[in-house]
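Scroll down for the structure; my scribbles are underneath it.
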Amino acid sequence: MKRVSKKNQRWKDHYSERARQEQYPARSVYKLKEAQKKFRLIKKGDRVLDLGCSPGSWMLYVAELIGKQGRILGIDRKAVTHKMPPQAATLTADVLTIDRAWIEKQELLNHFDVVLSDMAPATTGNKMLDATRSFQLCQAALNVAEMALKPGGSFICKIFQGEEFKEFSESIRIRFRNHRIFKPRSSRKESKEIFIVGMGCKGQYTNI
Ligand SMILES: C[S@@+](CC[C@H](N)C(=O)[O-])C[C@H]1O[C@@H](n2cnc3c(N)ncnc32)[C@H](O)[C@@H]1O
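When you line the sequence shown up against the working numbering, it's residues 126 to 333, in that order.
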């Protein structure tokens, strides 16, 4: 079993405790807060799609940013049980199975200013396998983002760095006017997770 250093334990306690005090169901909210501070992608009145949204801390934070006129839709294969504000709605679905027909049926096409993905596979301890599964989730998220984003919209996606990281980063580079790689301070130093941010979606592509 991997030993957790005292420093990392303090880190874990700090962010978990802060989330508890600020009434967010997960400490992952601080990663999005850092991304928002840096890139300012989510604005008042925006429509935001959050993939892998459970237990719902990103949704609560996004709801604060977009205000009552905005809309946030969260999708996760696990149901969200935390109470959400009126501008938030959730769907229980596996993002790997979402296709154009499903999106059209949900009337989601081309409506979102920002698509977020904090999806993560259940980790196995095998870093290569975990990274490959993370890459598959990222590809599914990008596929959905391309169908659901307005031209000019933005995409923030978590990926576990591995062999496929360059390929995914290149997919973002060609589909968005600008892209950035971002490692939040609130993410564990030894964690392989990193965020790719695409800004200014160029339009819709069909070949992923
Ligand atoms: C780190 S958690 C997200 C935390 C969330 N951002 C928050 O702040 O509350 C990752 C989520 O990804 C979801 N997930 C993983 N694979 C998925 C898939 N194929 N479809 C939908 N959700 C998935 C998991 O169920 C889990 O809830």
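We put the CB at the ideal spot given by N, CA and C, even for glycine. All figures in this text were calculated on a predicted structure; none of them were measured in a lab.
Among the options, nearest to residue i - alpha-carbon criterion
i, options, result
"M244", "K208, N251, S259", "S259"
"G114", "S312, V239, E318, K314", "Past the edges of the chain, shown from 126 to 333, lies residue 114, and the structure says nothing about it."
"S296", "Y155, A265, A256", "A265"
"P210", "K252, R302, G195", "G195"
"G199", "G192, L190, S182", "S182"
"A144", "H304, L185, N268", "L185"
"R172", "I197, I284, S179, R165", "I197"
"L157", "G170, E189, T217", "E189"
"H83", "F285, F290, S279, A204", "This structure cannot settle anything about residue 83, because the visible part of the chain is limited to 126 through 333."
"T217", "R302, K308, A204", "A204"
"L267", "F301, A256, G250", "F301"
"A151", "F164, P180, K168", "P180"
"E289", "T257, R313, I306, H236", "T257"
"A213", "D219, I228, K252, V187", "V187"
N- and C-terminal bounds of the beta strand (DSSP E) containing residue i
i, result
"T217", "213 to 217"
"L241", "237 to 242"
"E318", "318 to 326"
"R172", "172 to 176"
"G199", "196 to 201"
Residue i - containing alpha helix (DSSP H), residue span
i, result
"L185", "182 to 191"
"S294", "290 to 300"
"M272", "252 to 273"
"I228", "225 to 230"
"L157", "154 to 164"
Separation of residue j from residue i, as counted between CA atoms
i, j, result
"I281", "V322", "5 Å"
"E292", "V154", "27 Å"
"Y149", "E318", "21 Å"
"G311", "F320", "Looking at the sequence shown, residue 311 is not Gly but Ser. Cα to Cα, the separation comes out at about 12 Å."
"T331", "Q161", "Confidence at T331 is low in this model, with a pLDDT of 43, below 50, so the placement of that residue is unreliable and no value is reported for it."
"K327", "I191", "23 Å"
"T261", "K193", "Residue 261 is actually Gln in this sequence, not Thr. Rounded to whole angstroms, Q261 to K193 spans 34 Å at the Cα level."
"I299", "G170", "28 Å"
"L176", "L241", "6 Å"
"L254", "L166", "31 Å"
"S141", "E147", "10 Å"
"R202", "C263", "15 Å"
"P246", "P309", "19 Å"
"V129", "D219", "Model confidence at V129 stands at a pLDDT of 49, short of 50, so the residue's coordinates are unreliable; what they give is reported in the following sentence. If I take the Cα positions, the gap works out to 32 Å."
Validate contact between the stretch 261 to 280 and the stretch 222 to 236 using beta carbons, cut 8 Å, 3 pairs:
yes
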